[in-house]
Amino acid sequence: VWDRYRMVAKDFTLQQSMLPLTRIWVECHERMARWFILMDHKMQAADDFISAGHGQQNGESLNNLLKTLHGYYFRSRVGADAATPSAPIDMPNKAEFVCYFVLFQLGNGGEVSKYLQQLPDEVLNSPQVRFAIEVWGALKTQNYAKYFRLLRTRATLLQACLMHRYM
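Counted from 1, the sequence shown has number 59 at position 59 by the UniProt record's numbering; the numbering is strictly sequential.
In structure tokens:
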């Protein structure tokens, strides 16, 4: 299932590059990213998944999806597609996926720091992104009690799946 889904995500991304950005494209990518987060967590218990290298491939696919979404969010903020001018598109899940990207990159502090500097204030100050920054700070300072407290008391299911990667 996971390899077929990766191919669908890849094909979807290739097709989108030829079309103007729409809300439906963004929603489809958001759904695929959520699926990758959940399935990656669930499949970590399957020996054949890990031994065949699917975990690494899934991680790369998720990273690509999250970066693609970041590009979509930036294009929507600018208000123009690379090829076709358009009105800005409402992106209500932007903070959720910025949070996922930060949690996915917890082990790469330089990437997180650089990424956070690019964000507009309304996203940076959202509850989801503030949570991700708090988790990042706890891990960076090796405050594991705080990390696990955040995991146990405040993380959503998908946030917990991403945080589990660093346990």
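In this text, a Cβ means the ideal position worked out from N, Cα and C, and glycines have one as well. All values derive from a computational prediction rather than experimental measurement.
- One alpha carbon belongs to P120, the other to V8, and they sit about 31 Å apart.
- In the assembly as shown, D47 is an exposed residue. Its beta-carbon has fewer than 16 other beta-carbons within 10 Å.
- In the three-state DSSP reduction, I133 falls in the helix class (H, G or I).
- The distance from the Cβ of C99 to that of A132 is about 4 Å, consistent with a contact at the 8 Å cut-off.
- For the set R165, F148, Q159, the Cα lying nearest the Cα of G107 is the one of R165.
- Contact between R75 and L151 is absent: CB atoms are separated by about 33 Å, not below the 8 Å threshold.
- C-alpha of Q142 to C-alpha of H41: approximately 23 Å in a straight line.
- Short of 7 Å from the beta carbon of Y147, and not among the five residues preceding or following it, lie these beta carbons of its own chain, in chain order: V135, A138, L139.
- For the set E96, A33, V123, L38, the Cα lying nearest the Cα of T68 is the one of A33.
- If you draw a 10 Å sphere on the C-beta of Y72, you find 16 or more other C-beta atoms in it, and that means buried.
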